[in-house]
Amino acid sequence: MRALIPLLFLAAPVHAADGERVQITGEVIDTWCYFSGVMGGPDAVVGSAHHTCALWCSAGGIPVGLLAPDGTVYMVLKMDGDDTTAGGDTSLHIASHTIEADGMLYRRDGLNYLVVEEITADRDIVNATHEDFGVIPGFAIPNSEAPE
């Protein structure tokens, strides 16, 4: 055991990533559909066309992201003071909305992680993609005909 003690000091120390205070404007997106392509390309899975699916995915626990106008995606780890948020019911009220967020940005392994400390503006759904793509997925609109 004494021979192992000096080896413990050779191990690299573990450091938390340094964060950077940022203000970011972007659309709150469903990260599963955006990155997987399961519901179409990146233009089809944002905005009003994808709103219903974004609600389902968020309620199901899929982490939300913030899509900036330049195309950068920020994976949201925490939203507006809620330590348990990475998806789920706490993000439903802003699914597909364009927001302005103040928080801490962490970068690691080529990914951008965002801890949103405050939503400073909520512009609602401004990306009217349903006119170009319809509703994604198509089965999100129930058949209005009553069964006979």
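If you count by mature numbering (1 follows the signal peptide of the UniProt record, and there is no 0), then the sequence shown holds residues -16 to -1, 1 to 132, one letter each, in order. Glycine included, each C-beta is placed from N, C-alpha and C at the ideal position. Since we're looking at a predicted model, the values are computed, not measured.
When you compare the CB positions of residue i and residue j, do they come within less than 9 Å of one another, or not?
{"i": "Y90", "j": "D2", "result": "yes"}
{"i": "T104", "j": "D116", "result": "no"}
{"i": "H114", "j": "E11", "result": "no"}
{"i": "D14", "j": "S42", "result": "yes"}
{"i": "P47", "j": "V60", "result": "yes"}
{"i": "M88", "j": "V22", "result": "no"}
Can you give me the start and stop residues for the alpha helix (DSSP H) that residue i sits inside?
{"i": "T15", "result": "15 to 20"}
{"i": "L50", "result": "Per DSSP, L50 belongs to no alpha helix (DSSP H); it is in the beta strand (DSSP E), 48 to 51."}
{"i": "D54", "result": "Element bounds for D54: n/a, residue is neither H nor E."}
{"i": "A43", "result": "35 to 43"}
{"i": "H77", "result": "Where H77 is concerned, there is no enclosing alpha helix (DSSP H), given that its DSSP letter is neither H nor E."}
Have a look at the DSSP bridge pairing and note the partners of residue i.
{"i": "R91", "result": "N96"}
{"i": "T104", "result": "DSSP lists no partner for T104."}
{"i": "I8", "result": "A85"}
Quick check on the DSSP output: the beta strand (DSSP E) that includes residue i runs from which residue to which?
{"i": "L61", "result": "57 to 63"}
Compare the C-alpha of residue i against each of the options and name the closest.
{"i": "V100", "options": "I83, I109, H35, V30", "result": "I83"}
{"i": "L76", "options": "Y58, G49, N96", "result": "G49"}
{"i": "I109", "options": "V119, M88, L98, A79", "result": "A79"}
{"i": "F19", "options": "L51, E102, G44, Q7", "result": "L51"}
{"i": "P53", "options": "E102, I8, D106, E4", "result": "I8"}
{"i": "W16", "options": "G44, R5, V6", "result": "G44"}
{"i": "K62", "options": "E4, R107, T56, L98", "result": "L98"}
{"i": "E4", "options": "D106, R107, R92, P121", "result": "R92"}
{"i": "T56", "options": "H35, G24, G94, T36", "result": "G94"}
Hey, residue i and residue j are a contact pair by Cβ (cut 8 Å); roughly how many whole angstroms apart?
{"i": "A38", "j": "V119", "result": "Going by Cβ atoms, the distance from A38 to V119 rounds to 12 Å, so no, they are not a contact pair."}
{"i": "N111", "j": "Y58", "result": "Not a contact, Cβ separation roughly 17 Å."}
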